[in-house]
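Note sheet for the following structure.
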Amino acid sequence: MILDISFIGILIGSIMASSVPLILAASGELITERSGVLNLGVEGMMIIGAISGFALMVITDNLFVAIIGSMLSGVIISLIFGFLTQSLLTNHVATGLALTIFGIGLSAMLGKNFVGIPGKDFPILFESLKESIPFFGPILFGHSIILYFAFVLPFLTSYFLKKTKLGLIVRAVGDSPTSASNQGINVILVRYCCILYGGSMCGLAGAYLSLIYTPQWIENMTAGRGWIALALVVFATWSPIKVLIGALIFGGITIMQLHMQAVGLRIPVQFLSALPYLMTIIVLVVISRDSRKIKLNTPTSLAKIFYKEK
Amino acid sequence: MPTDLRVSNISKIYPGCIANDKVSLQFKSGKIYALLGENGAGKSTLVKILSGVISPDNGEVFLNEKSLKLNSPLDAKKNKIGMVFQHFNLFETLSVFENLSIDTNEDNKNLRVKINDILKKYNFSIDLDIPVLNLSAGQKQKVEIIRCLLRNPKVLIMDEPTSVLTEQETDELFISLKKFCDEGILIIYITHKLKEVLSLCDEVAVMRKGKVVSVSQTEDEKIETLANKMVGQKLAKIKKKNNNLKNKVEIFKVKHLNFYSNDPFETNLENINFSVKKGECLGIAGISGNGQNELFQILSGEIITSNTSIIFRNKEIAQLNPKQRREYLMAFSPEDRISQAAVPELKIYENVALNNFKSSNFFEKGLVNEKKIKEHSKKILTDFSVNTDNVELKSQFLSGGNLQKLILGRELITAPELLICYNPTWGLDVGAINYIHETLLKINDQEKSTILISTDTEELLKLSDRIAVIYKGKLSRIMPSEEVTPEKLGVLMGGGSIDKN
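Chains as they are written, first to last, in this note's numbering: chain A, 2 to 311; chain B, 74 to 574.
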């Protein structure tokens, strides 16, 4: 392994790319959870987004349609979750688990005819700058538009929650739906919106995988990233910026441990593969151990079923 | 313009209970109206209808002779009806300012100016930028009131506002309410506390079992007349007994009770010593937060302290946990019925089973003996006149009074030698309080002892044989109740001293 400056730049660039789906899905789920809804269907929504995006790309040959379609598919599948939990008052955990299982099964069925079809090149921005500037070039340039969006998203999310009226309403609903309802806020509507937004971001995260990161359809290609995203939200104590940090650490250690395996260090492979999970949890627990902040950020009514007094 | 609020023939029926039965009332601005009734009389239902949280099955609400459609809390707000709920409708994790800004369309700068004006005008002091969960109950209530005032209300409804307040906070609240009233806001004050009605309100409507049973001027009423209207029967006056305890044996003795805590929210206890005789009721008075919580937890075994000696029936029990202490026939009734004494989500019989011990045989070979527990629970429900016979009912649906009866029943049905209770009648209505006082006196008559930790001086004077005051973790001299007066207690509770001889 040659540890020169340009190699490190490329390494950081690839770490950023690998953390994009986590950032997208976790940011979406964070909004959902801040409104008091626990949607464990992230993995399912991502995989549905992945196959819809890929299938639409093959059928229409239009990447824009594919991206929008993947987000819509995430919205549709999360609408099922929203209807069940908000209108029929089913248990959030059970419904979310069912959604994941359903999503994985459905995507495998839909994806049968798309296995083995090669993907298309996704346009990348500032390609010339990437080559010409050492170190910073591969970090800052030559990525897809989705990556830039993903890295801005946590900051937008943070701004939305802290500074805007709508964000305040989302937090209020997650804190105490009964109080919110008594203040005249339509709790069910707010929660539906948050669920659908979360779904669209998970769909986009899936499409990033099948259209950009590894441009092809492989069954079960999300490979547990949805669960990691869920865990990130919790361990980041519902703070968007910490989600970003967590996703980068996870992506970083995943890539680095692959390199370490390749070099043939005398560390058991199993330990190396477990390293990203361990380190992400340790770091996030350490940076968010302020119990007062945890209390303020945690949506008090998370996963509790709300029904209006009549 | 004066405000005239009228409800006409309001009915609301829930399965198995008529919450409001053709309620008609009229309110006019410039006066403070009391809506008085026991828990479950239908007061809260009526104000929930007025504030648009629930809609009535029948009847109409008129504001200045205009019929109102109150389908949602928004409708009430639009019609300038403000409401401060008994259980605060605040967002604990949001800041005070965020709580206030959530339902206005004003921009933040103007809103801040407006809020500061209100703070100044009514002499409230609240930091706008700290989260609500850091506020005291009194401050939270002020936030709710400010939220109403921001909308220039014509009507302000207060639902049992003093149940969570200290006495000083209550005084402050009354001053504010009188100010609002002078400014032309119509105030409807819901309560089951008779004294408050007499000291604050101009007119009083009494509700019982969903119906309005009387409307009168408060100057024509006395505590007794209001209590009788509220409960619906002549309340038997409980007589203070005069036990001769001279020749009785000491059953319970605490020596060198010390407790030091690092938690700033806990009070340290310093060298507490006392004893209780057979058949005696020892009262421990004090303003809440002076160490009663810690004392109760040490006496019940939730906290074990070293070097303390607790002798009960000639055995040293200081190192035993609550369950073991129960085996020795002690019983406990903690202050917080919902979070300490019972699990609200569990059914009645499951709550009863929580208090199992060896002799009860509720569990056999690790299995629950449901039939036995249910029989046992039924007996408690009838013996202690809990207002239901359905042991499958979830405990959270019991009113405060009935839940307390259930808890006391659960504790007493094992015939304990000593009952330790902390604020047993907190937040209950007159009927339930009376019943519980009678029960506690009966225990003493049966030669069993009680330790009554309470913040209610009247209750202590009524029930105790001897009284001590706890102040900042120290216990005063223990006095026979004959020589105690409310004034003396007041001085001791405030940290003063009374001269002996």
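Positions of the beta carbon are idealized from the N, C-alpha and C atoms, including for glycine.
Can you check which of these residues, the options, is closest to residue i by C-alpha distance?
{"i": "B:E111", "options": "B:K535, B:L299, B:I248", "result": "B:L299"}
{"i": "B:K101", "options": "B:T523, B:C90, B:T76, B:L123", "result": "B:T76"}
{"i": "A:K305", "options": "A:S74, A:S15, A:R35, A:N187", "result": "A:R35"}
{"i": "A:M222", "options": "A:A208, A:I13, A:L279", "result": "A:A208"}
{"i": "B:I526", "options": "B:K139, B:N366, B:I188, B:G569", "result": "B:N366"}
{"i": "B:S140", "options": "B:I524, B:S379, B:L78, B:S272", "result": "B:L78"}
{"i": "B:K215", "options": "B:N189, B:L246, B:K194", "result": "B:L246"}
{"i": "A:S7", "options": "A:T96, A:F123, A:E132", "result": "A:E132"}
{"i": "B:S287", "options": "B:S97, B:N460, B:V564, B:A391", "result": "B:S97"}
{"i": "A:D291", "options": "A:R226, A:S180, A:F272, A:F236", "result": "A:F236"}
{"i": "B:T487", "options": "B:D456, B:D293, B:G352, B:T291", "result": "B:D456"}
{"i": "A:P216", "options": "A:D122, A:G75, A:I11", "result": "A:D122"}
{"i": "A:L157", "options": "A:P300, A:I24, A:I52, A:L297", "result": "A:I24"}
{"i": "B:I585", "options": "B:N178, B:N496, B:E179, B:S468", "result": "The first residue shown for chain B is 74 and the last is 574, placing residue 585 of chain B beyond what the model contains."}
{"i": "A:C195", "options": "A:F103, A:L249, A:S79", "result": "A:S79"}
{"i": "B:T378", "options": "B:Y262, B:L330, B:Q290, B:S236", "result": "B:L330"}
{"i": "B:I248", "options": "B:F164, B:K302, B:I105", "result": "B:I105"}
{"i": "A:R172", "options": "A:I147, A:L130, A:W228, A:L31", "result": "A:L31"}
{"i": "A:I69", "options": "A:F103, A:A206, A:T179, A:S129", "result": "A:A206"}
{"i": "B:N137", "options": "B:K447, B:S236, B:D176, B:K227", "result": "B:K227"}
Show which residues of chain B have a CB atom less than 7 angstroms away from the CB atom of residue i.
{"i": "A:G185", "result": "S145, P146, L147, K150, D176"}
{"i": "A:S32", "result": "Contrary to the premise, residue 32 of chain A reads as Ile rather than Ser in this sequence. By Cβ distance, chain B contributes nothing, its closest Cβ being about 16 angstroms from A:I32, past 7 angstroms."}
{"i": "A:L273", "result": "Neighbours of A:L273 on chain B: none; closest Cβ ~39 angstroms, over 7 angstroms."}
{"i": "A:A173", "result": "F164, L167, I175"}
Below 8 angstroms on the Cβ atoms is my contact criterion, and I expect residue i with residue j to pass it. Report the Cβ-Cβ distance as a whole number of Å.
{"i": "B:T340", "j": "B:G546", "result": "5 angstroms"}
{"i": "B:F161", "j": "B:E240", "result": "The Cβ separation is near 20 angstroms, so there is no contact."}
{"i": "B:S406", "j": "B:I480", "result": "6 angstroms"}
{"i": "B:F296", "j": "B:L271", "result": "A quick correction: the sequence has Ile, not Phe, at residue 296 of chain B. That pair is a contact at about 7 angstroms."}
{"i": "B:K535", "j": "B:Y508", "result": "Going by Cβ atoms, the distance from B:K535 to B:Y508 rounds to 14 angstroms, so no, they are not a contact pair."}
{"i": "A:A27", "j": "A:A230", "result": "4 angstroms"}
{"i": "A:S177", "j": "A:S53", "result": "Not confirmed; about 36 angstroms, so no contact."}
In three-state terms, what does DSSP make of residue i?
{"i": "A:N183", "result": "helix"}
{"i": "B:Q99", "result": "strand"}
{"i": "B:E233", "result": "coil"}
{"i": "B:S334", "result": "coil"}
{"i": "B:Q413", "result": "helix"}
{"i": "A:V286", "result": "helix"}
{"i": "B:R281", "result": "strand"}
{"i": "B:A92", "result": "strand"}
{"i": "B:H329", "result": "strand"}
{"i": "B:D202", "result": "coil"}
{"i": "A:M2", "result": "Here the model assigns A:M2 a pLDDT of 49, short of 50, so the residue's position is not dependable, and the following value carries that caveat. Three-state DSSP puts A:M2 in coil, outside helix and strand."}
{"i": "A:M222", "result": "coil"}
{"i": "B:Q469", "result": "helix"}
{"i": "B:R539", "result": "strand"}
{"i": "B:C494", "result": "strand"}
{"i": "B:S406", "result": "strand"}
{"i": "B:P395", "result": "helix"}
{"i": "B:V288", "result": "strand"}
{"i": "B:E179", "result": "coil"}
{"i": "B:V349", "result": "strand"}
{"i": "A:N114", "result": "helix"}
{"i": "B:C274", "result": "coil"}
Mind listing the chain A neighbours of residue i? Cutoff is C-beta to C-beta under 8 angstroms, in chain order.
{"i": "B:E165", "result": "D176, S177, T301"}
{"i": "B:N162", "result": "S177, T179, S180, N183, Q184"}
Can you pull the chain A neighbours of residue i, defined as C-beta to C-beta under 7 angstroms?
{"i": "B:P204", "result": "L297"}
Find the residues of chain B that neighbour residue i, judging by a C-beta separation of less than 9 angstroms, and give them in chain order.
{"i": "A:I306", "result": "Correct list: empty, because the minimum Cβ distance to chain B is about 13 angstroms."}
Give a yes or no on whether 8 angstroms exceeds the smallest Cβ distance from residue i to chain D.
{"i": "B:E171", "result": "The chain inventory of the structure shown lacks chain D, comprising the protein chains A and B."}
Just to make sure I have the definition right: I need the residues of chain B whose C-beta is within less than 8 angstroms of the C-beta of residue i. Which are they?
{"i": "A:I170", "result": "I175"}
Open item on the list: Can you confirm whether the stretch 276-285 of chain B touches the stretch 99-110 of chain B when touching is taken to mean that 3 or more C-beta pairs between the two stretches lie within less than 8 angstroms?
Closed with: As far as the Cβ criterion goes, the stretch 99-110 of chain B touches the stretch 276-285 of chain B, which means the pair count is three or higher.
Open item on the list: Across the stretch 147-155 of chain B and the stretch 156-173 of chain A, are there enough close Cβ pairs to call them in contact, namely three or more that are closer than 8 angstroms?
Closed with: Result no; under three Cβ-Cβ pairs closer than 8 angstroms.
Open item on the list: If contact is defined by three or more beta carbon pairs under 8 angstroms, each pair taking one atom from either stretch, is the stretch 140-148 of chain A in contact with the stretch 234-252 of chain A?
Closed with: Contact fails between the stretch 234-252 of chain A and the stretch 140-148 of chain A, because fewer than three Cβ pairs, one in each stretch, are under 8 angstroms apart.
Task: Any 3 or more C-beta pairs closer than 8 angstroms across the stretch 124-144 of chain B and the stretch 82-91 of chain B - done: They touch, by the three-pair rule.
Task: the stretch 342-353 of chain B / the stretch 394-401 of chain B touching (three or more Cβ pairs under 8 angstroms) - done: Counting Cβ pairs under 8 angstroms, fewer than three are found: no touch.
Task: Three CB pairs or more closer than 8 angstroms across the stretch 89-97 of chain A and the stretch 174-188 of chain A - done: The answer is no - the stretch 174-188 of chain A does not touch the stretch 89-97 of chain A, with fewer than three Cβ pairs under 8 angstroms.
Task: Inter-stretch contact (C-beta, 8 angstroms, three-pair minimum) for the stretch 189-203 of chain A and the stretch 40-52 of chain A - done: The stretch 189-203 of chain A is in contact with the stretch 40-52 of chain A.
- [ ] For the stretch 256-270 of chain A and the stretch 48-67 of chain A, state whether three or more C-beta atom pairs, one from each stretch, are separated by less than 8 angstroms.
- [x] Too few Cβ pairs lie closer than 8 angstroms, so no.
Open item on the list: Using 8 angstroms as the cut-off, can you tell me whether the stretch 227-239 of chain B makes contact with the stretch 192-203 of chain B, which would need three or more C-beta pairs spanning the two stretches below that distance?
Closed with: When Cβ pairs closer than 8 angstroms are counted between the two stretches, the stretch 227-239 of chain B is seen not to touch the stretch 192-203 of chain B, the count staying below three.
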